[in-house]
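**Q** Please see the structure below; I have some questions.
Residue numbers (the numbering used here): 2 to 368.
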């Protein structure tokens, strides 16, 4: 008998759009409670490709739950990879719906001292009768992709937690880069963290370019590095990142738009810092920005609707302070002019390179 003995729930459900995470957490639950080692453990598939297969699997599950255990007073059943609870595929079939309704009646009669049922599923439709009924009697956890979380601080906190689980010290910068490189996909994120853990097991220091190669960062992360280099005034690094992006086939217009957003953030952040509505704390790679309520409305939101992270804003403003607000206004105008030239049919790569030259030339003229 495991630590589940005496608990009020006989059913433990793990599912949702992020099936990788649902499967991972369900596996951890089985291990932590010692359920896989229970002699009565039985696993029933739920991945039927058509209605007939799905109904047969539901019937098999019902029989497993009603048959009792030959090895003691309690039976443990895992219903794994369940794909008949959503709005697509076999989940829409009337025969499957009827089989689920019959199963629900059996589930209502389960007692935790006699049966423990663990359900690991994919996407679900919470409006369906089966899910509504399950909510009343089960411990239910639903997982959405990390990329869907509109609270960036919470998403970064999860990245940091996963790093600590692999004995890696998280930093704000590294968590940001991991989140960007993985695109919020937890399976890819875990793979990136595993690569970091193997690399640092040798005790090797890691430079920024080595980190980019190790993570296999997509073009979004490389554009981010280009923007950081421009705002930081590093011409050689900016040209190197630009060449990398163009070799990868990244759109010149896309690069220009991303750079324009970063420069606008630098200009806006610096102006509000001078006004006292943005305060910086920390130093080096750990600068964070606190925005006063009066300044919140001025800052753009990300695609997810979340505000710009305190670390990203802090690093941008700290770099922008090396030059004047007037410089950043001119930078916005230069990028806007390059965008107009591209829209009129001008040579895009040349227009982008000339815009960068103007930025660094103006810096040289003012230094």
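Using N, Cα and C, we set each Cβ at its ideal position, and we do this for glycine too.
The structure displayed is predicted, hence computed values, not measured ones.
1. Is residue 16 helix, strand or coil by DSSP?
2. According to DSSP, is residue 58 part of a helix, a strand, or is it coil?
3. Helix, strand or coil: how does DSSP classify residue 290 here?
4. Taking residue 167 as the reference, which of 35, 190 and 274 has the closest Cα?
5. Less than 8 Å separating the beta-carbons of residue 147 and residue 137?
6. Along the alpha helix (DSSP H) that carries residue 240, what are the first and last residues, could you check?
7. On the three-state DSSP scale, how would you describe residue 63?
8. Identify the continuous alpha helix (DSSP H) that holds residue 177 and give its terminal residues.
9. Among residues of its own chain, excluding the 5 on either side of residue 83, which ones have a beta-carbon nearer than 8 Å to its beta-carbon?
10. What is the rounded straight-line gap between the Cα of residue 246 and the Cα of residue 262?
11. Could you say if the segment 50-69 and the segment 90-108 meet the contact criterion of at least three C-beta pairs nearer than 8 Å?
12. Between 35, 117 and 317, which has its C-alpha nearest residue 69's C-alpha?
13. What did DSSP end up calling residue 326 once you bin it into helix, strand or coil?
14. Give the DSSP-derived three-state secondary structure of residue 145 in the structure shown.
15. Where does residue 124 sit, in a helix, a strand or coil, going by DSSP?
16. Tell me which residues share the same chain as residue 231 and place their Cβ nearer than 8 Å to its Cβ, disregarding the 5 neighbours each side in the sequence.
17. Is residue 149 buried or exposed, if buried means 16 or more other CB atoms sit within 10 Å of its CB?
18. Taking a contact to mean a Cβ-Cβ separation below 8 Å, would you say residue 319 touches residue 279 in this structure?
19. Could you compute how far the alpha carbon of residue 36 sits from the alpha carbon of residue 58?
20. Note the first and the last residue of the continuous alpha helix (DSSP H) segment covering residue 269.
21. Does the contact criterion of 3 or more C-beta pairs under 8 Å hold for the segment 267-277 versus the segment 291-302?
22. Can you check which of these residues, 325, 194 and 131, is closest to residue 273 by C-alpha distance?
23. Compare the beta carbon distance of residue 19 and residue 224 with 8 Å and say whether it is the shorter of the two.
24. So, with DSSP's three-state summary, where would you put residue 76?
25. Less than 8 Å between the CB atoms is what I'm expecting for residue 197 and residue 177, so what's the real figure, rounded?
26. Which residue marks the beginning of the beta strand (DSSP E) containing residue 348, and which one marks its end?
27. What is the DSSP secondary structure of residue 318, reduced to helix, strand or coil?
28. Kindly indicate which residue of 97, 75, 100 and 38 has the alpha-carbon position closest to the one of residue 115.
29. Closest to residue 135 by CA distance: which of 251, 13, 184 and 99 is it?
**A** Taking the coordinates as given:
1. Position 15 of the chain shown holds residue 16. The answer is strand: DSSP assigns residue 16 an E or B state.
2. Residue 58 sits at position 57 when you count from the first residue of the chain shown. Residue 58: helix per DSSP, three-state reduction.
3. On the chain shown, position 289 is the one that residue 290 refers to. Strand at residue 290.
4. For the purposes of this step, residue 167 is identified with residue 166 of the chain shown, where counting begins at 1. Here the closest residue by C-alpha is 190.
5. The residue you call residue 147 lines up with position 146 of the chain shown. The residue you call residue 137 lines up with position 136 of the chain shown. No; because the gap between Cβ atoms is not below 8 Å, this pair is not in contact.
6. The sequence position of residue 240 within the chain shown is 239, counting from 1. 236-248 is the extent of the alpha helix (DSSP H) around residue 240.
7. What you label residue 63 is simply residue 62 of the chain shown in a count that begins at 1. The answer is helix: DSSP assigns residue 63 an H, G or I state.
8. What you label residue 177 is simply residue 176 of the chain shown in a count that begins at 1. From DSSP, the alpha helix (DSSP H) with residue 177 extends over 173-183.
9. Here residue 83 refers to the residue found at position 82 when the chain shown is read from its first residue. So the qualifying residues of the chain are 16, 47, 48, 120, 121, 122 and 123.
10. On the chain shown, position 245 is the one that residue 246 refers to. On the chain shown, position 261 is the one that residue 262 refers to. Answer to the nearest angstrom: the Cα atoms are 17 Å apart.
11. yes
12. Numbered from its first residue, the chain shown carries residue 69 at position 68. Nearest of 35, 117 and 317 to residue 69, Cα basis: 117.
13. Here the question's residue 326 lines up with position 325 in the chain shown. Residue 326 falls in the helix class under three-state DSSP.
14. The count along the chain shown starts at 1 and reaches residue 145 at position 144. Correct three-state label for residue 145: coil.
15. Walking along the chain shown from the start, residue 124 turns up at place 123. Secondary structure of residue 124 (DSSP, three-state): coil.
16. Residue mapping note: residue 231 aligns to position 230 of the chain shown, counting from 1. Contacts found: 239, 260, 263, 264, 357 and 360.
17. One-based indexing of the chain shown puts residue 149 at position 148. Exposed, since its Cβ has fewer than 16 Cβ neighbours within 10 Å.
18. In the chain shown, counting from the first residue as 1, residue 319 sits at position 318. In the chain shown, counting from the first residue as 1, residue 279 sits at position 278. Cβ distance not < 8 Å, so residue 319 and residue 279 don't count as in contact.
19. In the chain shown, residue 36 corresponds to position 35, counting from 1. In the chain shown, residue 58 corresponds to position 57, counting from 1. Taking the straight line joining both Cα atoms gives about 21 Å.
20. By 1-based counting over the chain shown, the position of residue 269 is 268. Residues 253-276.
21. yes
22. Position 272 of the chain shown, counted from the first residue, corresponds to residue 273. When only C-alpha atoms are compared, the closest one is 325.
23. Looking up residue 19 in the chain shown gives position 18. Looking up residue 224 in the chain shown gives position 223. No, the pair does not count as a contact, with Cβ atoms beyond the cut-off.
24. For the purposes of this step, residue 76 is taken as residue 75 along the chain shown, with counting starting at 1. In the structure shown, residue 76 sits in a strand (DSSP, three-state: E or B).
25. Against the chain shown, residue 197 aligns to sequence position 196. Against the chain shown, residue 177 aligns to sequence position 176. The pair is not a contact, with the Cβ atoms about 14 Å apart (cut-off 8 Å).
26. The residue you call residue 348 lines up with position 347 of the chain shown. Residue 348 -> no beta strand (DSSP E), and no H or E assigned at all.
27. Within the chain shown, the letter at position 317 stands for residue 318. Helix at residue 318.
28. Here residue 115 is taken as the residue at index 114 of the chain shown, counted from 1. It is 75 whose Cα lies nearest to the Cα of residue 115.
29. Numbered from its first residue, the chain shown carries residue 135 at position 134. Nearest neighbour of residue 135 by Cα position, chosen from 251, 13, 184 and 99, turns out to be 13.
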